[in-house]
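In this note's numbering, the protein residues as written are 5 to 118. We treat Cβ as the ideally placed atom computed from N, Cα and C, and that holds for glycine. All values derive from a computational prediction rather than experimental measurement. Notes for the one structure printed next.
Okay, here's the thing in structure tokens:
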């Protein structure tokens with residue numbers, strides 16, 4: 005049974021690498037953490053603008069870990085940029101571009117720094 009589970013995990017990992025491995029690799033080259041990318045993968049495909057706005061709403065709140073939030077904004081921006089570059093014909097492109105515009109409107113253009 006453990007062998008079946010290990011085999012299944014390996015197949016899922018291979019499918020994930022085939023689906024988005026090039027995007028993850030480029031994001032990592034630009035300074036993103038693989039854990040961050042996998043954590044926000046679903047949100048960036050389903051709700052990219054809403055996630056960008058969510059990060060920005062936390063920026064204006066009294067979140068104690070602003071440094072971590074700034075880093076998340078930087079990584080999210082990089083993730084969006086790489087998706088636009090690597091998947092230019094994907095149906096979500098306009099939403100990814102809008103999410104970047106939202107971040108730029110709030111001054112989140114220089115790696116998450118204002």
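What is the DSSP secondary structure of residue i, reduced to helix, strand or coil?
| i | result |
| --- | --- |
| residue 135 | Past the boundaries of the shown model lies residue 135; the chain is included only from 5 to 118, so the question cannot be answered. |
| residue 96 | coil |
| residue 31 | helix |
| residue 25 | helix |
| residue 111 | coil |
| residue 118 | Its pLDDT being 40, under 50, residue 118 is placed unreliably by the model, and the measurement read from it follows with that caveat. Here residue 118 sits in coil by DSSP. |
| residue 68 | coil |
| residue 75 | helix |
| residue 81 | helix |
| residue 91 | coil |
For residue i and residue j, what's the separation of their Cα atoms in angstroms?
| i | j | result |
| --- | --- | --- |
| residue 100 | residue 49 | 9 angstroms |
| residue 74 | residue 8 | 41 angstroms |
| residue 84 | residue 95 | 14 angstroms |
| residue 54 | residue 47 | 9 angstroms |
Considering only C-alpha positions, which residue in the set the options is nearest to residue i?
| i | options | result |
| --- | --- | --- |
| residue 106 | 89, 23 and 61 | 61 |
| residue 173 | 59, 69 and 90 | Absent from the model: residue 173. The displayed extent of the chain is 5 to 118, so no value can be given. |
Please state if the CB of residue j and the CB of residue i are separated by a distance shorter than 9 angstroms.
| i | j | result |
| --- | --- | --- |
| residue 27 | residue 77 | no |
| residue 37 | residue 79 | yes |
| residue 52 | residue 102 | yes |
| residue 110 | residue 63 | yes |
Need the endpoints of the alpha helix (DSSP H) that residue i sits in, please.
| i | result |
| --- | --- |
| residue 38 | 38 to 50 |
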